[in-house]
Amino acid sequence: MIERGSAVTVRTDLRDVASRGSRVNLTVIRPVFFMDNLINWSPVSGDDRQRVFRYPLLPGVPLQMIAVEDIGEICATAVMDAGKIPHGSLEIGGDELTAEEIAEALQAESGVPTRFEADRIDEIEDDDQRAMYEWFGKPPSYAADFGTTARLRPSVMRLPEFLARQR
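Heads up, the sequence shown is in this note's numbering, so the first residue is 677 and it goes up one at a time.
What follows is the structure in structure tokens.
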């Protein structure tokens, strides 16, 4: 068991364990940021004339993301046939967008003009969450293998598809 103070550190430790050829039969699936967080945390405010997408992301920095539904399907594939996971370890992702592009996708889905406004990362009180958002701002944070992800799940969702399914 690996115990650390931050999910970012645990992710790094798991990557290291998987890459150094442990004698334990290990398959590691590392999903990137969950698209579902964009819906569940309700970071969009405004009305039917103008909306603001607020999130603690740096402008212009791409964020890799994946839908939880896709994670489940890919993990099921890994359980049924671990040989499909190259080297026993895979970082999975469905899309990569900047915060501004996320706002554009939210606008396209809703039909309401939506702009991005960055929340201040230094104002996040929880140390782990603050460390995570700081990490997002220092690319490359995630390193999803989009090609292998798509081979394992050809219907892996891009953000616009995910948003359309939330209606």
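The beta-carbon is built from N, C-alpha and C at its ideal position, and this holds for glycine as well.
In this text the structure is predicted, and so the values were computed from the model without any measurement.
query, result
"Enclosing beta strand (DSSP E) for Ser721 [first to last residue]", "720-722"
"At least 3 beta-carbon pairs within less than 8 Å: the segment 792-811 vs the segment 753-766", "no"
"Buried/exposed call for Glu767, threshold 16 Cβ in 10 Å", "buried"
"Counterpart residues of Met741 in DSSP-defined beta bridges", "Phe709, Asp771"
"Val755 - DSSP class collapsed to helix/strand/coil", "helix"
"Residue environment, Asp771, which counts as buried when at least 16 other CB atoms sit within 10 Å", "buried"
"Whole-Å CB distance - Leu733 paired with Ala794, under 8 Å assumed", "6 Å"
"DSSP three-state assignment for Ala807, whether helix, strand or coil", "helix"
"Proximity to Arg727 [Cα-Cα], best of Leu739, Glu785, Ser765", "Glu785"
"Residues of its chain near Pro735, where Cβ-Cβ distance is below 8 Å and the 5 sequence neighbours each way are ignored", "Thr774, Ala775, Glu776, Phe792, Ala794"
"Buried or exposed (CB count within 10 angstroms, at least 16 for buried), Leu739", "buried"
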